[in-house]
Amino acid sequence: MRIVDSVAKAIADWQGGDSESAMLHACNAVSGTASRAYPNIESDRAKFTKLLRDHYAILGPMGMPGIDVGHTRFGVDLKKKIPKITDFDLADLIYKIHRCSHGHGDELLTGFELIPNAAGPDGKTHFCSDLVNGTVQLSDRVIFGMLGVVVFSPVNSHQKSDYGYFLSYDGVEFKINDWWGRAEDFLKIVKDAPKPIVTIYEYISDDPAPVRARGELHIKI
Numbered sequence: 002m003r004i005v006d007s008v009a010k011a012i013a014d015w016q017g018g019d020s021e022s023a024m025l026h027a028c029n030a031v032s033g034t035a036s037r038a039y040p041n042i043e044s045d046r047a048k049f050t051k052l053l054r055d056h057y058a059i060l061g062p063m064g065m066p067g068i069d070v071g072h073t074r075f076g077v078d079l080k081k082k083i084p085k086i087t088d089f090d091l092a093d094l095i096y097k098i099h100r101c102s103h104g105h106g107d108e109l110l111t112g113f114e115l116i117p118n119a120a121g122p123d124g125k126t127h128f129c130s131d132l133v134n135g136t137v138q139l140s141d142r143v144i145f146g147m148l149g150v151v152v153f154s155p156v157n158s159h160q161k162s163d164y165g166y167f168l169s170y171d172g173v174e175f176k177i178n179d180w181w182g183r184a185e186d187f188l189k190i191v192k193d194a195p196k197p198i199v200t201i202y203e204y205i206s207d208d209p210a211p212v213r214a215r216g217e218l219h220i221k222i
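Quick note on numbering: my numbering labels position 206 of the sequence shown as 207, and the sequence is numbered without any gaps.
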């Protein structure tokens with residue numbers, strides 16, 4: 002599927018209330034863009050996560066406003082036979098949980114469902130981290146942060162689309178067909194916005210999950 006079609010399907014499915022399908026198409030768009038950006042990297046995971054990390058200045062403000070995604074780390078349990086919390090950044094979390102689940106046709110692991118939040122006020126976000134079970138629920142805003150990375154990426158400057166969709170940030174609408182490849186222009190707008198104020202770092206250890214912590218951490222900004 003073409004990158005432009007994956008972007009359009011992600012938006013259409015989100016509008017239809019299917020955030021999991023929207024995330025699937027957003028992941029496909031990121032994967033296709035990563036292959037263009039890093040043709041010499043063979044690993045799909047390496048390309049996928051590198052593209053997101055290289056564009057945290059876009060993914061953060063659009064997908065997790067108020068959170069310093071470059072320094073934030075999540076404690077994630079991949080639900081293998083032996084409980085173990087792994088130290089993930091946002092790119093790892095998106096790839097290992099969402100990209101791998103949807104890409105392999107598996108059901109999304111319980112506790113990692115997206116929180117419907119993107120339709121709310123600009124600049125706000127909500128996510129939940131279960132410190133016992135090692136699960137993280139991101140806001141569905143992250144879908145649009147990923148689409149921002151794809152659309153604004155310079156390697157996609159040649160793309161053309163006529164779907165009429167737009168992305169938005171801080172009340173400003175960016176008509177997708179006019180913004181392919183314009184990362185520098187977008188970053189000029191983000192530069193004057195309030196800087197991230199929250200960094201999350203969950204304590205990581207090899208102890209069984211119930212020993213590590215109790216309860217959930219809800220972040221609303």
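By construction, the Cβ of each residue, glycine as well, lies at the ideal position given by its N, Cα and C atoms.
This structure is a prediction, so every number in the text was calculated from the model and none was measured.
CB of residue i within 8 Å of CB of residue j, strictly
i    : j    : result
L53  : V150 : yes
V191 : A38  : no
T136 : I68  : no
A30  : V8   : yes
F225 : K176 : No statement about residue 225 is possible, as the shown extent of the chain runs from 2 to 222 and does not include it.
K85  : D93  : no
T73  : L60  : no
S154 : G182 : yes
H178 : K189 : Residue identity check: residue 178 is Asn in the sequence provided, not His. The answer is no: Cβ separation not under 8 Å.
I42  : N157 : no
Assumed close pair residue i, residue j - CB separation to whole angstroms, cut-off 8 Å
i    : j    : result
V143 : G64  : 4 Å
V49  : A27  : The amino acid at residue 49 is misidentified as Val; the sequence shows Phe. That belief does not hold up - the Cβ atoms of F49 and A27 are roughly 12 Å apart, past 8 Å.
G76  : L132 : 7 Å
L115 : D141 : 4 Å
A194 : P62  : 6 Å
A11  : L148 : 6 Å
Residue of the options minimising C-alpha distance to residue i
i    : options                   : result
E21  : T111, D171 and H99        : H99
A119 : N178, G172 and L110       : G172
H159 : W180, G146 and D14        : W180
F145 : I4, V5 and W15            : W15
S169 : L94, G17, I4 and P66      : P66
V152 : D19, A13 and H56          : H56
G17  : D123, P122, F128 and P117 : P117
K97  : P155, D45 and L148        : D45
N134 : P40, K80, K51 and R3      : K80
S130 : H103, N157, S102 and F89  : F89
F128 : K51, V70 and H103         : V70
A47  : D6, G165, I95 and P122    : I95
D123 : M2, D6, D19 and E174      : E174
Problem - Contiguous beta strand (DSSP E) assignments of at least 3 residues, all confined to the segment 120–205 - result: The qualifying runs are 127–131, 136–138, 167–170 and 173–176.
Problem - alpha helix (DSSP H) runs contained entirely in the segment 35–102, provided each spans 4 or more residues - result: Restricting attention to alpha helix (DSSP H) runs no shorter than 4 residues, the segment 35–102 encloses them at 45–55, 57–64 and 91–94, ordered along the chain.
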